[in-house]
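Everything on this sheet refers to the single structure shown next.
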Amino acid sequence: MNAPLLRSSGLALRFTGSSKDVTALEGGDMCVQRGEVVALLGRSGSGKTTWMNIAGLLLRPDSGRLVIDGTDVLTLDDTERTVFRRDHIGIVFQAFNLLPQLSAAENVALASPRGPRGGLLRAGELLESVGLQHRATHRPGELSAGEQQRVALARALVNDPALILADEPTGNLDEETETEVLGHVRRAADAGRGIVLVTHSRRVAEFADTVAVMRSGHVTMSTAQEVAEA
Numbered sequence: 020m021n022a023p024l025l026r027s028s029g030l031a032l033r034f035t036g037s038s039k040d041v042t043a044l045e046g047g048d049m050c051v052q053r054g055e056v057v058a059l060l061g062r063s064g065s066g067k068t069t070w071m072n073i074a075g076l077l078l079r080p081d082s083g084r085l086v087i088d089g090t091d092v093l094t095l096d097d098t099e100r101t102v103f104r105r106d107h108i109g110i111v112f113q114a115f116n117l118l119p120q121l122s123a124a125e126n127v128a129l130a131s132p133r134g135p136r137g138g139l140l141r142a143g144e145l146l147e148s149v150g151l152q153h154r155a156t157h158r159p160g161e162l163s164a165g166e167q168q169r170v171a172l173a174r175a176l177v178n179d180p181a182l183i184l185a186d187e188p189t190g191n192l193d194e195e196t197e198t199e200v201l202g203h204v205r206r207a208a209d210a211g212r213g214i215v216l217v218t219h220s221r222r223v224a225e226f227a228d229t230v231a232v233m234r235s236g237h238v239t240m241s242t243a244q245e246v247a248e249a
């Protein structure tokens with residue numbers, strides 16, 4: 020069997036508060052294969068966004084191990100982490116994080132190392148792949164929530180990453196738009212990427228191949244069918 024794209028084990032992170040320490044994550048063990056969609060399900064405050072930020076190399080855990088695409092990423096220094104994230108990881112943030120003064124195409128191209136011309140060409144291809152080629156010159160304020168989400172997904176794909184992490188990718192969408200966005204997610208997985216969807220939604224969990232349930236900083240792996248029947 021091939022090695023997983025991502026394997027996390029023993030991840031723990033604690034924050035020091037004014038009156039006591041808070042455990043944000045403890046035992047964040049998870050495995051993601053290439054071509055697999057994993058839903059990370061849990062209530063607010065359960066630790067799932069903390070896990071995503073660690074997996075996206077935005078936070079350093081206090082302890083544990085994290086291997087992505089064959090690299091033990093927790094051994095990298097800050098510069099190496101930045102380069103690795105750029106080349107291997109695409110992140111879709113819950114708030115989209117699109118720059119309001121830039122067009123959809125410019126937002127997608129911003130993360131590309133291909134230069135202005137090459138970046139915009141790649142952005143055009145990706146916007147077409149998510150059905151937004153006709154909105155390429157529009158700014159975020161001129162786009163619906165679903166369109167902004169698809170721009171954010173296109174931006175996450177601009178460097179052809181092996182791993183995509185998406186925080187509540189359908190949280191503000193109606194059912195029809197959610198179905199459309201999840202279709203684009205499935206096509207990205209079919210291209211061989213591993214995808215983690217951080218979500219509250221059981222519907223998104225049922226769409227996934229595998230479900231990881233986060234409770235009080237601990238992860239339990241199950242199948243989408245088991246979640247649907249629970």
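Here the numbering used here is used: position 50 in the sequence shown is 69, and no number is missing along the way. Quick reminder that beta carbons are idealized off the backbone N, C-alpha and C, glycines included. Please read these numbers as outputs of a predicted model, since none were measured by experiment.
Residue i versus the options, residue with shortest Cα-Cα distance
i	options	result
Glu-199	Val-223, Arg-136, Leu-77	Val-223
Ala-185	Asp-91, Ile-108, Asn-126	Ile-108
Ala-16	Leu-216, Thr-196, Asp-91	Residue 16 lies beyond the range of the chain shown here (20 to 249); nothing can be said about it.
Arg-158	Gly-47, Leu-121, Gly-190	Leu-121
Asp-179	Gln-152, His-153, Asp-193, Arg-141	Arg-141
Pro-220	Arg-62, Ala-114, Arg-212	Note that residue 220 corresponds to Ser in the displayed sequence, not to Pro. Of the listed residues, the one whose Cα sits closest to Ser-220 is Arg-62.
Thr-239	Ser-27, Asn-21, Pro-23	Ser-27
Asn-72	Gln-113, Thr-90, Glu-99	Gln-113
Asn-116	Glu-225, Gln-168, Gly-211, Thr-229	Gln-168
Alpha carbon of residue i to alpha carbon of residue j, nearest angstrom
i	j	result
Phe-34	Thr-69	11 angstroms
Ala-231	Gly-75	17 angstroms
Thr-94	Asp-88	14 angstroms
Leu-182	Asp-40	32 angstroms
Ala-254	Arg-105	The question about residue 254 has no answer, for the chain in this structure spans 20 to 249.
Glu-163	Ile-110	The displayed chain sequence assigns Ser, not Glu, to residue 163. Roughly 20 angstroms between the two C-alpha positions.
Glu-166	Glu-147	12 angstroms
Ser-235	Thr-156	43 angstroms
Leu-145	Glu-194	23 angstroms
Leu-192	Leu-176	21 angstroms
His-237	Ser-82	14 angstroms
Arg-154	Arg-205	22 angstroms
Gly-66	Leu-44	5 angstroms
Thr-196	Ser-37	42 angstroms
His-203	Val-170	11 angstroms
Gly-64	Gly-134	40 angstroms
Val-127	Pro-119	12 angstroms
Pro-132	Met-49	30 angstroms
Phe-103	Thr-42	27 angstroms
CB contact flag (residue i, residue j, <8 angstroms)
i	j	result
Leu-32	Leu-78	yes
Leu-59	Thr-218	yes
Val-51	Leu-25	yes
Ala-173	Val-56	no
Gly-150	Ala-124	no
Arg-53	Gly-160	no
Per DSSP, cross-strand counterpart(s) of residue i
i	result
Met-233	Val-238
Ser-27	Met-49, Leu-85
Gly-190	Gly-190 is not bridged to any residue.
Leu-32	Leu-44
Leu-121	Answer is none; Leu-121 lacks a bridge partner.
> Where in the segment 35-117 do unbroken runs of the beta strand (DSSP E), each at least 3 residues long, occur, reported from the N-terminal end onward?
Replying inline: Within the segment 35-117, the complete beta strand (DSSP E) runs of at least 3 residues fall at 40-45, 49-51, 56-60, 82-87, 108-111.
>> What ranges does the beta strand (DSSP E) occupy inside the segment 127-187, keeping only unbroken runs of at least 3 residues that lie completely in it?
In response: List check, beta strand (DSSP E) in window: 182-186.
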